[in-house]
Ligand SMILES: [Zn+2]
C-alpha cells in the first residue's frame, strides 16, 4: 500500500514538472509567433538599418528609429 502511494507520488511529481515545462514552452512559442498581435509586441515593428544592415525591433508608430548598433537614424 505504501509502495503504490510512493509511485503515485513520484508520477504526480514528474507529471506536474512536465506539465509546467510544456506550459512554459507553449507560452514562449505563442509569444514568439504571435507577438505582433498581443501584449508588448503590439506597437513594435521590425526595422532594418540602411547603413549597417542590422535588424532590430522599434516602435511601429514612429517614422524614424535609431539603430542600436551604429546609432544611425532610419526612416520608414
Ligand atoms: Zn545600423
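In our numbering, the protein residues as written are 135 to 210.
Ideal Cβ positions, reconstructed from N, Cα and C, are used throughout, including at glycine.
This structure is a prediction, so every number in the text was calculated from the model and none was measured.
Cβ-Cβ separation between residue 178 and residue 192: approximately 7 Å, consistent with a contact (criterion under 8 Å).
Within the region 159–210, the beta strand (DSSP E) runs of at least 3 residues that lie entirely inside it are, in chain order, 178–182, 189–193, 198–200, 207–209.
For residue 210, same chain residues with a beta-carbon under 7 Å away, outside a window of 5 residues either side, are 197 in chain order.
Taken from the Cβ of residue 203, at least one heavy atom of ligand 1 lies inside 6 Å. Judged by beta-carbon spacing, residue 208 lies within the 7 Å limit of residue 183, meaning their Cβ atoms are closer than that value.
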